[in-house]
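Enquirer:
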Amino acid sequence: MQPVMNPKYPGLSVRVADEGFAPYIWGSDFSFEVAAYGAAVIGKAVEHWPVTPIVPYRKCYGIDPEEFSSFRDAADSAIFMAYLDDEPVGHLVISTNWNGFAHIDELAVHAPARRHGVAKALLDVAQFWSRKKKLPGIMLETQNNNLGACRLYERCGYVIGGIDQLRYRGIDPNTAEVALFWYRLFDNPLENPLSSTASPRLVP
């Protein structure tokens, strides 16, 4: 697959992951600030969710580059890396789920590189990959404490298909963290085709 360029951010590109994937993971900061929990409501825009502010804290998911080593160069999965001025700043791990949807197993952006269109570029590549495989759509999970991610998915045409209040209770019985399952359905008759995400522009 040729590099994918984002015309809005000329220095941004997405490529198939190479041997630089592990060093990039170990050298990046994927943490984000949690300042509130949202009470997700299916069918209601994120901006209309009830929100409970909390004392802000930093959350960081431990990412192991070896966890998805088998996803590279496989028929039903792929790993892509985003570059900003030739520096690796984000990645996408995607596979074909048992239910026929593409599944975004992981999407993360290095903290200093956020707000440069990196996550959006990776989601565009996820859509390109999924459509090329003729899959009916994409699914992913995020949580109600990552409202920035929820707003991004909503802007990119994803809708909530499920809410799991108990998913993280085994880790912490008192957690307020709720799993939200987002779907990007292709050829949805309820979707305005003019508002759908355009395919990324491929360049040599």
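According to my numbering, the residues represented by the sequence shown are 1236 to 1439, in order.
We treat Cβ as the ideally placed atom computed from N, Cα and C, and that holds for glycine.
1. Could you pull the DSSP bridge partners for Tyr1296 from this structure?
2. As a quick exercise: from Tyr1272, Trp1417, Leu1342 and Phe1315, pick the residue whose alpha carbon is nearest that of Val1290.
3. Identify every residue that forms a DSSP beta bridge with His1326.
4. Express the C-alpha separation of Ala1356 and Pro1300 in angstroms, rounding to a whole number.
5. Whole angstroms is fine: what's the gap from Arg1250's alpha carbon to Pro1323's?
6. Is the segment 1408-1416 close to the segment 1369-1389, with three or more CB pairs under 8 Å?
7. Taking 6 Å as the limit between beta carbons, can you name the residues of its chain near Asn1427, skipping five residues before and five after?
8. Is the beta carbon of Leu1420 sitting closer than 8 Å to the one on Gly1372?
9. Using the three-state DSSP reduction, which class does Glu1376 fall into: helix, strand or coil?
10. Hey, Val1276 and Leu1382 are a contact pair by Cβ (cut 8 Å); roughly how many whole angstroms apart?
11. Buried or exposed for Trp1333, please, with buried defined as at least 16 other CB atoms from any protein chain shown within 10 angstroms of its CB.
12. Are the Cβ atoms of Ala1343 and Phe1265 separated by less than 8 Å?
13. Would Tyr1418 and Met1374 qualify as a contact pair, given that the criterion is a beta-carbon distance under 8 Å?
14. If we count the other Cβ atoms within 10 Å of its Cβ and call it buried at 16 or more, is Ala1229 buried or exposed?
Expert: Well, looking at it:
1. Tyr1296 pairs with nothing; no bridge assigned.
2. Tyr1272
3. Met1316 and Ala1343
4. 21 Å
5. 10 Å
6. yes
7. Confidence is the limiting factor: at Asn1427 the pLDDT is only 43, short of 50, which leaves the residue's position unreliable, though a coordinate-based value still follows. If we look at Asn1427 and ignore the five residues flanking it on each side, it has no Cβ neighbours.
8. yes
9. strand
10. Not really, about 13 Å apart at Cβ, beyond 8 Å.
11. exposed
12. yes
13. yes
14. Because the chain in this structure spans residues 1236 to 1439, residue 1229 falls outside the shown range and cannot be described.
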